[in-house]
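Structure, as structure tokens:
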Amino acid sequence: MANLLPWRVATFNVDLNYIVPGLNTQFLGTTRKRSMKLNLSPTIATLAIIVGMAGTSQAKTPITSAQTVFAETDGIAAVEAEHFFDQQKVDTRAFYLTTSETQPKFSPDGDPPHVGGASNGAYLEILPDSRRNHGEKLIKGTNFSSTPGELAVVSYKINFQNPGRYYVWVRAHSTGSEDNGIHVGLDGNWPDSGKRMQWCTGKRTWHWESKQRTEKQHCGEPYKIFLDVPTAGVHTVHFSMREDGFEFDKFILTQNRDFQRPDGVGPAPVVHAGPQPPTFAYVDAPAPTNDAPQPTADANTHQQNGGHQNAAKALAMTASSFTLDGTGFYLHNGKWAAVNPDRNKSGLAGKTFPFPSGKYNVTLEAVGESDGESTYQVMADDRTIGQHQCPLSDKMFEAGSRYNKTWKSVDLTEGDVIKVKATIASKDGQEYSRARWAAVRFEPADDATLAAAQPFLKAAAVAKNEPAKSAKPATSPTTPVSTEPLIQPRGADGDGSIAVSGTLEAWHKVTLTMDGPFAHEQDNEPNPFTDMDMTVTLHHDDGTTYVIPGYFAADGDAANTSADQGNQWRAHFAADRPGRWTYKVSFRRGAGAALDRDADAETVSPFDGQSGTLKIAASSADKDSFRSKGRLQYVGQRYLQHADSKEFFLKAGADAPETLLGYAEFDNTIAGKKDRVPLKTYQAHIRDWQDGDPTWADGKGKGLIGAINYLSGKGCNAFSFLTYNAGGDGDNVWPFIDRNDKMHYDCSKLDQWGIVFDHGTDRNMYLHFKMQETEIDDHHRGHNGSANSVPESLDGGNLGDQRKLYCRELIARYGHNLALNWNLGEENTQSTQQLQDMINYIDALDAYDHNVVLHTFPNQQDKQYRPLIGDKSKLTGLSLQNSGIKDTHWQTVKWVRESTAAGKPWVVAFDESGTAAHGQCPDLGYEGYDGRDSSGEMTYTEHEVRRQTLWGHLMGGGAGVEYYFGYKYTQNDLVCEDWRSRDRSWDYCRIALEFFKDNQIAIQELMPSDEVIGNNLTNGSNEANAKYCMANPGNLYLVFLATVGETELDLSGVDGEFEVGVFDPRKGGDVKYDGTTVQGGSKITLKSPAAGEKSADDWLLVVRRK
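So for the sequence shown, full-length UniProt numbering puts the first residue at 1; every next one is plus one.
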């Protein structure tokens, strides 16, 4: 069909009996239906007609005769996709022909034609294409079909000489994250082996593949897509739509299981019977492009690593990339860590290992010096990799291989903290070396590690060869899913009426829903998330006022309907007192109106000014419910306080999985790292879901809702989650309609999140919002990262429109919950100014003044926290992390005391205690766990965690713990789906919380007082963790004996008599008082029930004034 253009006369061979009846033609711009009966013999004739293909049904009409049968020869058959003889199920989607001169016109269809390189100069595409990436809505039965044969079915006849199993290969083109799936069947049947043909490789080019999507591997597994041909003879092969936008060029059926991917267009089709199908002019493929710089090999590239050319030989953590402030090191000549002998004798610096887990040859690049033989120790967490004494140099200092030290085949885990300790030396006792070192290098030591590290090695080679980059950009890119000003067609605006729903009682969620202006999630002018501002002001008769941001809510039921458009606008309110509340809506439109209250915007009628009253009753909730006790508030003390009951709050719960919201039953949730971090189902917790609990979209959500039921049922009261991790460890959680579109939010997904959070509040759970993580909080990729730009970051770490909108959406949708904190970021590395800006923006927007906390790396606490302490910022709490549970107690004490001394006590929680690899271990016996991690290394037990993390923190004046699960367990920080893996540890948490509650311990009056029991150590030694004390001097002393049976308690200067009780932190129950008393005025000896025995049981002694 060469030269076939609209309005052009074309001459070609057709089967008149098939294609001419009912043929749509265009004549002089008028579309007409023509029925033509031609009695010609033979039926193949030359026909000249005037034809216009663009956008007409002709493009989906078969161009191949029903009598054409293709041939299988020697176990292989090849067929061009456009040579189907029949197409069915075309009402919703259909396969359309594209050639160099025939391009169907559809909207939406965001891809340009890809005729270049297509076999036979033609291909088929399933149109319209309304889902090109993960951000666009998946609509079953429209743009997606998991049912083979449901939509757009094309058929081909093939004569098989050799029956048996045929593996199916397809040549296709995909430009985005979607448009890469299809089904294949035989003789009207759709076997399981033909379902879900899909792959993720070969983007933006014509690519051959033969893979089937499976539950474990969404990008497809080889050898699983095949058809079993039962007999010799003619059979019909079918292909049907799985995803619209699929571009289909050709297919091959082969009996060779190990068939090699063809070069180019593959083997030529062979016709067995019937007329030859039409051919088209071949168009050369466009020249390949590569946007990334191509490095050239040099002395530091590895030329023999399995053929991986232009890859660096080793990965490096340079001294200049470590944070050296406060470590005893300074940076010499911008490249060497060094110790100043006049100030320090040694230095110790650490940095998180950012490379894949595996086996490495580790090299320390030391610097030879003439003054002395410095000594070095390299560690991973607290495990020594090796030690080195650097030989003398005859120069003042010099680098070179003779000063280096390599340790072979070292097992390392991504997330380990690599530490370098260096100590100065002197050869004459007068002049000292400076213990200089340049880098720690990691060379993959086996094939598996080499394969895993290849992307990093190649990136290192590129970085070495490319010129220095310019300064980091001030913001980050965002790519809208649609570039249209407004998505068409439009719906009707509402009339401004407001519906009130919820429980009209204090501390309960009340929702105001307005029938407002129509909008679509993808709208740009105006953008409903940035340029339309609904804000509700509520006044109580006593003068109390709340100003609550609202948000666009699509059709008002998006959690169930997956709607992306509508005219519903919402605000949530949780009143802090009964009585009459008057509300008034402000509704403005203008660029950035929702992000800045001072933006130039106009009021929008009839929505602006709508008002009404709410009559709020006193709460009828159970006295132990948050909805009775009231919102948790920061009141200038170390513990949050319930607004009504005035009880102070201690938390205990789960910090893992950080990818909690990477849940398969949330809309538009995609696993960015499918192999390592698949989406969760929480199958183990479906049994914990109860009748009456919430679900969405016809029963979804039971697994995650059940998990919350389980954790709260164990007596825990907190769980955490990242709300944004694109580009991070998990890469499966974002609130946007697309991973790369940061300015348009997903209404249905966020409503579904809201159902989970509201259920958490109903179950008296503290919600720990982790707003970002270290890999994406600024333009540094992770801990001390050297990346010049991190595209996933919000405004590059600054407070720009992306970050403002993100904060507003979270606060508007979820701020009504009664117990939560806004954590500015996990392992945060933003600058002090960036943090201050974000804190102040949240403070101005969050009418409920929730706890705002910060989390950072263990070795960056001083750097990140001290500039914010006291009246230097509005930060109200810390979320601590360490590199070993032994450091939990003293680090808690440190920040409790420092913040108190600064005049503004912080709420200090410990949310990641333990090494990166281990954290909180599973219960002994869980799925065979015997105390060893996945590499066979013995780890600490649940009992050590109970003593050092749980009680070590609480006895340091901490506000509570959340347990981090490490990397090296099956139920770990990224993939955990079963909280029962730590079942006994949750019991220990409950027991601790019950102790403080049941015994009415006034925790706000206690301070860490280790000195009165002779524990004056401030490090993580065994002695420092043997016993702890919290006290209200002269009134109450809590003495925790972790690993010792007795201790002295200094009551010097204290008068009166004290009774002594014993509490079992392992089994709980009452404090046992047996009449033992002690007299103040001197040091007294306290003994546990196990004193003098070899038992390692821990005990809590309660010494209370009588």
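Idealized CB from N, CA, C, for every residue including glycine.
Of the residues Y167, R343, S174 and M771, the one placed nearest V184, counting alpha carbons only: As a working note, residue 184 is residue 184 in the sequence shown. Measuring from the Cα of V184, the nearest candidate turns out to be Y167.
Length-filtered (3 minimum) beta strand (DSSP E) runs lying within the region 130 to 203: 153 to 160, 164 to 173 and 181 to 186
Excluding the five sequence neighbours on either side, which residues of its own chain have a C-beta within less than 6 Å of the C-beta of G110, listed in chain order? Walking along the sequence shown from the start, residue 110 turns up at place 110. If we look at G110 and ignore the five residues flanking it on each side, its Cβ neighbours are R132.
List, from N- to C-terminal side, the beta strand (DSSP E) runs of 3 residues or more that fit wholly inside the region 1040 to 1096. 1046 to 1050, 1057 to 1063, 1072 to 1079 and 1083 to 1087
State the start and end residues of the unbroken alpha helix (DSSP H) segment that holds I842. Indexing the sequence shown from 1 puts residue 842 at position 842. Its alpha helix (DSSP H) spans residues T832 to L845.
Three-state secondary structure (DSSP) of D762: As a first step, residue 762 is located in the sequence shown; it is residue number 762 there, counting from the start. It is helical.
By how many angstroms is the C-alpha of G825 removed from the C-alpha of P922? Translated into the one-based positions of the sequence shown, residue 922 becomes position 922. Translated into the one-based positions of the sequence shown, residue 825 becomes position 825. If I take the Cα positions, the gap works out to 26 Å.
Between which two residues does the alpha helix (DSSP H) carrying D810 extend? The residue you call residue 810 lines up with position 810 of the sequence shown. First, the amino acid is wrong: residue 810 is Leu here, not Asp. Its alpha helix (DSSP H) spans residues D801 to Y814.
Could you please give the first and the last residue of the uninterrupted beta strand (DSSP E) stretch that includes N361? To locate residue 361, count along the sequence shown from 1; it is residue 361. Unbroken beta strand (DSSP E) run through N361: G358 to E369.
Cβ atoms of A312 and A461: under 7 Å apart, would you say? Position 461 of the sequence shown, counted from the first residue, corresponds to residue 461. Position 312 of the sequence shown, counted from the first residue, corresponds to residue 312. Result yes, Cβ atoms of A461 and A312 sit closer than 7 Å.
State whether the region 61 to 68 contacts the region 232 to 246, with contact taken as three or more CB pairs (one from each stretch) at a distance under 8 Å. no
Comparing the CB of A122 with every heavy atom of the ligand PLP, is any distance shorter than 6 Å? Ligands in the displayed structure: none, and consequently the ligand PLP is not present.
Classify N1016 as buried or exposed, calling it buried when 16 or more other Cβ atoms lie within 10 Å of its own Cβ. Taking the sequence shown and counting its residues from 1, one reaches residue 1016 at position 1016. Answer is exposed; the Cβ neighbour count stays below 16.
Between which two residues does the beta strand (DSSP E) carrying residue 1116 extend? Residue coverage of the chain in this structure runs from 1 to 1106, which leaves residue 1116 outside it and unanswerable.
Quick check: what's the CA-CA separation for G1014 versus A435? One-based indexing of the sequence shown puts residue 1014 at position 1014. One-based indexing of the sequence shown puts residue 435 at position 435. C-alpha separation (whole angstroms): 36 Å.
Contact set for D801: own chain, Cβ-Cβ below 8 Å, skip 5 residues either direction: Along the sequence shown, read from residue 1 onward, the residue named residue 801 stands at position 801. Answer for D801: T530, G592, L595, M743 and D795, listed in chain order.
Excluding the five sequence neighbours on either side, which residues of its own chain have a C-beta within less than 6 Å of the C-beta of E82, listed in chain order? For this step, residue 82 is matched to residue 82 along the sequence shown. Answer for E82: L97, A122 and L124, listed in chain order.
Between Q920 and G914, how many whole angstroms is the CB-CB distance? I'm expecting something under 8 Å. Here residue 920 refers to the residue found at position 920 when the sequence shown is read from its first residue. Here residue 914 refers to the residue found at position 914 when the sequence shown is read from its first residue. Confirmed, Cβ separation roughly 6 Å.
In chain order, what are the residue ranges of uninterrupted beta strand (DSSP E) at least 3 long that sit wholly in the region 191 to 276? 206 to 209, 226 to 229, 233 to 241, 247 to 254 and 271 to 273
Can you give me the start and stop residues for the alpha helix (DSSP H) that V893 sits inside? In the sequence shown, counting from the first residue as 1, residue 893 sits at position 893. Start and end: T888 to A901.
Among A601, T723 and L632, whose alpha-carbon lies nearest the alpha-carbon of D576? In the sequence shown, residue 576 corresponds to position 576, counting from 1. Selected option, being the one with the closest Cα: L632.
Quick one: what does DSSP say E912 is sitting in, helix, strand or coil? Counting from 1 along the sequence shown, the entry for residue 912 is found at position 912. Reduced to three states, the DSSP call for E912 is strand.
Is the number of C-beta pairs between the region 375 to 395 and the region 325 to 333 that are closer than 8 Å three or more? Because the criterion of three Cβ pairs below 8 Å is not met, the region 375 to 395 and the region 325 to 333 do not touch.
Could you pull out every residue in the same chain whose Cβ sits closer than 7 Å to the Cβ of R589, ignoring the five residues on either side in sequence? Taking the first residue of the sequence shown as 1, we reach residue 589 at position 589. Closer than 7 Å at the Cβ level, and outside the excluded window around R589, lie P526, D531, M532, A601, E602 and V604.
Curious, which full-length alpha helix (DSSP H) runs of at least 4 residues does the region 936 to 984 contain? none
In the DSSP assignment, find the alpha helix (DSSP H) that holds D862 and state where it starts and stops. Locating residue 862 in the sequence shown gives position 862, where the first residue counts as 1. Counted as a single uninterrupted DSSP element, the alpha helix (DSSP H) harbouring D862 occupies residues Q861 to Y865.
Would you mind sorting A844 into buried or exposed? The rule is 16 or more other CB atoms within 10 Å of its CB. Residue 844 sits at position 844 when you count from the first residue of the sequence shown. Looking at its Cβ environment, which holds fewer than 16 other Cβ atoms inside 10 Å, A844 is exposed.
When burial is assigned at 16 or more other CB atoms within 10 Å of the CB, is A617 buried or exposed? For the purposes of this step, residue 617 is taken as the residue at position 617 of the sequence shown. Counting Cβ neighbours within 10 Å, A617 comes out exposed, since fewer than 16 surround it.
Hey, is the region 725 to 745 in contact with the region 689 to 707, meaning 3+ C-beta pairs nearer than 8 Å? no
Could you give the distance in angstroms between the alpha-carbon of G334 and the alpha-carbon of A438? Sequence index remark: in the sequence shown, residue 334 carries index 334 (1-based). Sequence index remark: in the sequence shown, residue 438 carries index 438 (1-based). When rounded, the distance between both Cα atoms is 10 Å.
Tell me which residues share the same chain as D495 and place their Cβ nearer than 8 Å to its Cβ, disregarding the 5 neighbours each side in the sequence. The residue you call residue 495 lines up with position 495 of the sequence shown. D515 and P606, listed in sequence order.
Under the three-state reduction of DSSP, which class applies to I1003: helix, strand or coil? Taking the sequence shown and counting its residues from 1, one reaches residue 1003 at position 1003. In the three-state reduction of the DSSP assignment, I1003 falls in the helix class, which pools H, G and I.
In chain order, which beta strand (DSSP E) runs of at least 3 residues are fully inside the region 402 to 474? 405 to 412, 417 to 423 and 437 to 444
So F666 and Q565 are supposed to be a Cβ contact under 8 Å. How far apart are they, rounded? As a working note, residue 666 is residue 666 in the sequence shown. As a working note, residue 565 is residue 565 in the sequence shown. With 8 Å as the limit, F666 and Q565 do not qualify as a contact, their Cβ atoms being about 19 Å apart.
My assumption, with CB atoms under 8 Å, is that T503 sits in contact with A553. Please give the rounded CB distance. Your numbering for residue 503 matches position 503 in the sequence shown. Your numbering for residue 553 matches position 553 in the sequence shown. With a Cβ gap of about 19 Å, T503 and A553 do not count as contacting.
Check the C-beta distance from H953 over to H889 and give it rounded, since I have them as a contact under 8 Å. On the sequence shown, residue 953 is found 953 positions in, with the first residue counted as 1. On the sequence shown, residue 889 is found 889 positions in, with the first residue counted as 1. Rounded, the Cβ-Cβ distance is 7 Å, consistent with contact.
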